[in-house]
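Here the structure comes first, spelled out in structure tokens, and everything after it is commentary.
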Amino acid sequence: MLSYNSLRIVCPFRALLHPNWLMTNRQTVNTTVTCSAHFVSTSFPKKDTWQRKCNLKSTGNESKLIYSTYTASSTRNYCTGKFKLNCWNCKQPLYETPAFFCMACKAVQPPEEGTSFFNIMDCDYKFSLDTQKLQKRYLHLQRSLHPDNFSQKSVKEQEYSESYSALVNKAYQTLLKPLSRGLYMLELKGMRIEEGTDSGADPEFLIELMEINEALDEAKTPEEASKIGQHTKGKLAVLTEEIDAALLKGQLQSAKALLAQMKYFANIEEKVKEKLSEFM
Amino acid sequence: MAIVSLRNSASSLVLFSRRLFSPELKAQCFYHIKVVDHYENPRNVGTLDKNSKNVGTGLVGAPACGDVMKLQIQVDENGKIVDAKFKTFGCGSAIASSSLATEWVKGKSVDEALKIRNIDIAKELCLPPVKLHCSMLAEDAIKAALSDYRIKQQVKK
Chain E
7 MLSYNSLRIV CPFRALLHPN WLMTNRQTVN TTVTCSAHFV STSFPKKDTW QRKCNLKSTG
67 NESKLIYSTY TASSTRNYCT GKFKLNCWNC KQPLYETPAF FCMACKAVQP PEEGTSFFNI
127 MDCDYKFSLD TQKLQKRYLH LQRSLHPDNF SQKSVKEQEY SESYSALVNK AYQTLLKPLS
187 RGLYMLELKG MRIEEGTDSG ADPEFLIELM EINEALDEAK TPEEASKIGQ HTKGKLAVLT
247 EEIDAALLKG QLQSAKALLA QMKYFANIEE KVKEKLSEFM
Chain P
258 MAIVSLRNSA SSLVLFSRRL FSPELKAQCF YHIKVVDHYE NPRNVGTLDK NSKNVGTGLV
318 GAPACGDVMK LQIQVDENGK IVDAKFKTFG CGSAIASSSL ATEWVKGKSV DEALKIRNID
378 IAKELCLPPV KLHCSMLAED AIKAALSDYR IKQQVKK
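Protein chains in written order, with this note's numbering: chain E, 7 to 286; chain P, 258 to 414.
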């Protein structure tokens, strides 16, 4: 089944040099030479690859006929080319992802949608990440992105720095703690822990939790509470290792179950802190 | 004259209805007074002998928020719940839901207690949407306790 899609787009001269930009460069504002590009795309759904022939004519001082053909593979009949962004200020292309500042004019950029926290904080996508490196990166980013640095700049720049700074905060807080980090990694894979009762929970485990909670509730001295705190820390360390192993192997279901267990112990850890502060 | 009076009554009716349908000015962003009451004056906190044949124990956990809830019922020979105790470690809404659940099951038969639904608990405590899962947890705890009692009764036979 052949389908013909005929598209007419207006693009700047620069775009002619980058075929990938033709279909996807929607953000570029037309300032200099304009040309109209008319091309026909044919798609063959069975093969899942399609070829486009682009016939371009520039109506500037020089008239050039540029033909370019390239193949793009997609599972559906639309283009999935790379989306390259341009600076909102000087229109120069932004080469890095995520781009915090434009290389040319140094203007702060708005955060790109869909960027993962791991990309923003320049950390490897794994559960056992280096929190020292994370902290350094966080401080480095906030030094340049914090809204206080933009008090004399335009409103747009202030807004962008605010939203980017807030996003960096959120990314840092999420990736810092193992529990939130693990839950975020599951979320990236489209999984989340559902609200409501866990019907598959091990009754022995729940009994153990109950006993720990009761013991903490009845603790009369800070030493008793600390002991429970130590025991909980030990459990959390073991769980962290197990979750790391499960995520490395791609065993999402077992990682999810382990993260649920971690949640219970994290709550107990919080209660230990509260109890110890009561004793003071 | 009649038209004027009709117009006046119509306008006053519009005014009245406008007042009736005006939206809530204050957003509910704190615990409801009923929840606070259950939290500060919890009813039926404690434990029953779980090894007794007349006691059903329900132990449930909510992994998303890390709450743990234990609800126990004591049933007499007529199948009527005579005592109920609970222990919940979690947020105020979870504590209030389980506290209310123990109040409600007392005096009911085993079959009647099965009919208690989470939406009734949530309605009674005016739980906000974000805390509805706490009432769900309480309903599951009641059902788990009743189920445990039933199993024990069958084993006894």
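Using N, Cα and C, we set each Cβ at its ideal position, and we do this for glycine too.
A quick note: this is a predicted structure, and the numbers were derived from the prediction, not measured.
Exercise. Could you pull the start and end residues of the alpha helix (DSSP H) that Q329 of chain P belongs to?
Key: The residue given as residue 329 of chain P occupies position 72 in the second sequence. Unbroken run through Q329 of chain P is the beta strand (DSSP E), 324 to 332; no alpha helix (DSSP H).
Quiz prompt | Other residues of its chain near A113 of chain E: CB distance less than 8 Å, five sequence neighbours each side excluded | solution = Taking the first sequence and counting its residues from 1, the one referred to as residue 113 of chain E is at position 107. Taken in chain order, the residues that qualify are C93, W94, N95, C96, F107, E163.
Quiz prompt | Touching by the beta-carbon criterion (3+ pairs, under 8 Å), the segment 331 to 338 of chain P and the segment 373 to 381 of chain P | solution = no
Quiz item: Are at least three pairs of beta-carbons, each pair with one atom in the segment 144 to 158 of chain E and one in the segment 216 to 226 of chain E, less than 8 Å apart?
Solution: no
Quiz item: Exposed or buried, which one is F346 of chain P when buried takes at least 16 other CB atoms within 10 Å?
Solution: What you label residue 346 of chain P is simply residue 89 of the second sequence in a count that begins at 1. Buried is the call here.
Exercise. Report yes if the C-beta distance between I199 of chain E and A321 of chain P is below 8 Å; otherwise report no.
Key: Residue mapping note: residue 199 of chain E aligns to position 193 of the first sequence, counting from 1. Residue mapping note: residue 321 of chain P aligns to position 64 of the second sequence, counting from 1. Yes.
Exercise. Determine the contact status of A370 of chain P and L316 of chain P, defining contact as a CB-CB distance below 8 Å.
Key: Here residue 370 of chain P refers to the residue found at position 113 when the second sequence is read from its first residue. Here residue 316 of chain P refers to the residue found at position 59 when the second sequence is read from its first residue. At a Cβ-Cβ threshold of 8 Å, A370 of chain P and L316 of chain P do not count as neighbours.
Quiz item: Where does F106 of chain E fall in DSSP's three states?
Solution: Here residue 106 of chain E refers to the residue found at position 100 of the first sequence. In the structure shown, F106 of chain E falls within a coil segment according to DSSP collapsed to helix, strand and coil.
Quiz prompt | Given P117 of chain E as reference, the closest of E:S171, E:Q138, E:M109, E:Q141 once Cα atoms are compared | solution = As a first step, residue 117 of chain E is located in the first sequence; it is residue number 111 there, counting from the start. Among E:S171, E:Q138, E:M109, E:Q141, the Cα nearest to that of P117 of chain E is on E:S171.
Exercise. In the DSSP assignment, find the unbroken beta strand (DSSP E) run with D340 of chain P in it and report its ends.
Key: Locating residue 340 of chain P in the second sequence gives position 83, counting from the first residue. D340 of chain P -> beta strand (DSSP E) spans 338 to 346.
Self-check item: Interface residues of chain P facing P209 of chain E [CB-CB closer than 7 Å]
Solution: Stepping through the first sequence from its first residue, residue 209 of chain E is reached at position 203. The contact set of P209 of chain E on chain P, defined by CB atoms closer than 7 Å, consists of L316 in chain order.
Exercise. Mark E396 of chain P as exposed unless 16 or more other C-beta atoms lie within 10 angstroms of its C-beta, in which case mark it buried.
Key: Here residue 396 of chain P is taken as the residue at index 139 of the second sequence, counted from 1. By the 10 Å Cβ count, E396 of chain P comes out buried.
Self-check item: Rounded Cβ spacing between A225 of chain E and I234 of chain E (contact assumed at less than 8 Å)
Solution: Your numbering for residue 225 of chain E matches position 219 in the first sequence. Your numbering for residue 234 of chain E matches position 228 in the first sequence. At roughly 7 Å, the Cβ-Cβ gap stays under 8 Å, so A225 of chain E and I234 of chain E are in contact.
Quiz item: According to the Cβ coordinates, are S392 of chain P and L384 of chain P closer than 8 Å?
Solution: Translated into the one-based positions of the second sequence, residue 392 of chain P becomes position 135. Translated into the one-based positions of the second sequence, residue 384 of chain P becomes position 127. Contact: yes.
Quiz item: If you measure beta-carbon to beta-carbon, which residues of the segment 298 to 322 of chain P are closer than 7 Å to chain E?
Solution: L316, V317, G318, A319, P320, A321
Quiz item: Counting contacts by CB-CB distance shorter than 8 Å, is N327 of chain P in contact with chain E?
Solution: In the second sequence, the residue the question calls residue 327 of chain P occupies position 70. With the sequence shown as reference, residue 327 of chain P is identified as Lys, and Asn is not the correct amino acid for it. The C-beta of K327 of chain P comes closer than 8 Å to at least one C-beta of chain E.
Quiz prompt | CB contact below 8 Å: A272 of chain E versus chain P | solution = As a first step, residue 272 of chain E is located in the first sequence; it is residue number 266 there, counting from the start. Yes, contact with chain P.
Practice problem: Whole angstroms is fine: what's the gap from Q138 of chain E's alpha carbon to Q236 of chain E's? | Solution: Counted from its first residue, the first sequence places residue 138 of chain E at position 132. Counted from its first residue, the first sequence places residue 236 of chain E at position 230. So the alpha carbons of these two residues sit roughly 23 Å apart.
Quiz item: Is the Cβ-Cβ distance between S354 of chain P and L394 of chain P less than 8 Å?
Solution: Here residue 354 of chain P refers to the residue found at position 97 of the second sequence. Here residue 394 of chain P refers to the residue found at position 137 of the second sequence. Yes, they are a contact pair.
Exercise. Reducing DSSP to helix, strand and coil, say where A319 of chain P ends up.
Key: By 1-based counting over the second sequence, the position of residue 319 of chain P is 62. DSSP places A319 of chain P in strand when its eight states are reduced to three.
Quiz item: Residue range of the alpha helix (DSSP H) that W361 of chain P falls in?
Solution: Translated into positions along the second sequence, residue 361 of chain P becomes position 104. Residues 349 to 362.
Quiz item: Helix or strand or just coil, what does DSSP make of P153 of chain E?
Solution: Taking the first residue of the first sequence as 1, we reach residue 153 of chain E at position 147. Note: P153 of chain E maps to helix in three-state DSSP.
Practice problem: Mind checking which residues open and close the alpha helix (DSSP H) that includes G240 of chain E? | Solution: Here residue 240 of chain E refers to the residue found at position 234 of the first sequence. Segment 228 to 255, the alpha helix (DSSP H) holding G240 of chain E.
Quiz prompt | T203 of chain E, DSSP secondary structure in three states | solution = Along the first sequence, read from residue 1 onward, the residue named residue 203 of chain E stands at position 197. Residue state, collapsed to three classes: coil.
Self-check item: Contacting positions in the segment 330 to 351 of chain P - beta carbon closer than 9 Å to chain E
Solution: Cβ contacts with chain E come from K344, F346, G347.
Practice problem: Kindly list the residues whose CB is nearer than 7 Å to the CB of A252 of chain E, restricted to its own chain and excluding five residues on each side of it in sequence; keep chain order. | Solution: Residue numbering aside, residue 252 of chain E sits at position 246 when the first sequence is read from its first letter. Around A252 of chain E: S260, A261, L264.
Quiz item: If we call anything under 8 Å between Cβ atoms a contact, is L151 of chain E one with Y178 of chain E?
Solution: Counting from 1 along the first sequence, the entry for residue 151 of chain E is found at position 145. Counting from 1 along the first sequence, the entry for residue 178 of chain E is found at position 172. Going by C-beta atoms, L151 of chain E is not nearer than 8 Å to Y178 of chain E.
Quiz item: Taking Cβ-Cβ distances below 7 Å as the criterion, which residues of the segment 178 to 205 of chain E are in contact with chain P?
Solution: I199, E200, E201, G202, T203, D204
Exercise. Find the nearest neighbour of M197 of chain E within the set E:T103, E:A266, E:I126, E:N125, judged by alpha-carbon distance.
Key: As a first step, residue 197 of chain E must be located in the first sequence, where it is residue number 191. Closest option to M197 of chain E, Cα to Cα, is E:A266.
Self-check item: Cross-chain neighbours of D368 of chain P in chain E, by beta carbon under 9 Å
Solution: Here residue 368 of chain P refers to the residue found at position 111 of the second sequence. The premise fails here: D368 of chain P is roughly 22 Å from chain E at the closest Cβ pair, so nothing lies under 9 Å.
Quiz prompt | Delimiting residues of the alpha helix (DSSP H) encompassing P99 of chain E | solution = As a first step, residue 99 of chain E must be located in the first sequence, where it is residue number 93. From DSSP, P99 of chain E is part of no alpha helix (DSSP H); its letter is neither H nor E.
Quiz item: Would you say V362 of chain P and I399 of chain P are within 8 Å of each other, going by their C-beta atoms?
Solution: Looking up residue 362 of chain P in the second sequence gives position 105. Looking up residue 399 of chain P in the second sequence gives position 142. Result yes, Cβ atoms of V362 of chain P and I399 of chain P sit closer than 8 Å.
Quiz prompt | M127 of chain E versus L145 of chain E: straight-line alpha-carbon distance, rounded | solution = Reading the first sequence from its first residue, position 121 is the one you call residue 127 of chain E. Reading the first sequence from its first residue, position 139 is the one you call residue 145 of chain E. Distance between the alpha carbons of M127 of chain E and L145 of chain E is about 10 Å.
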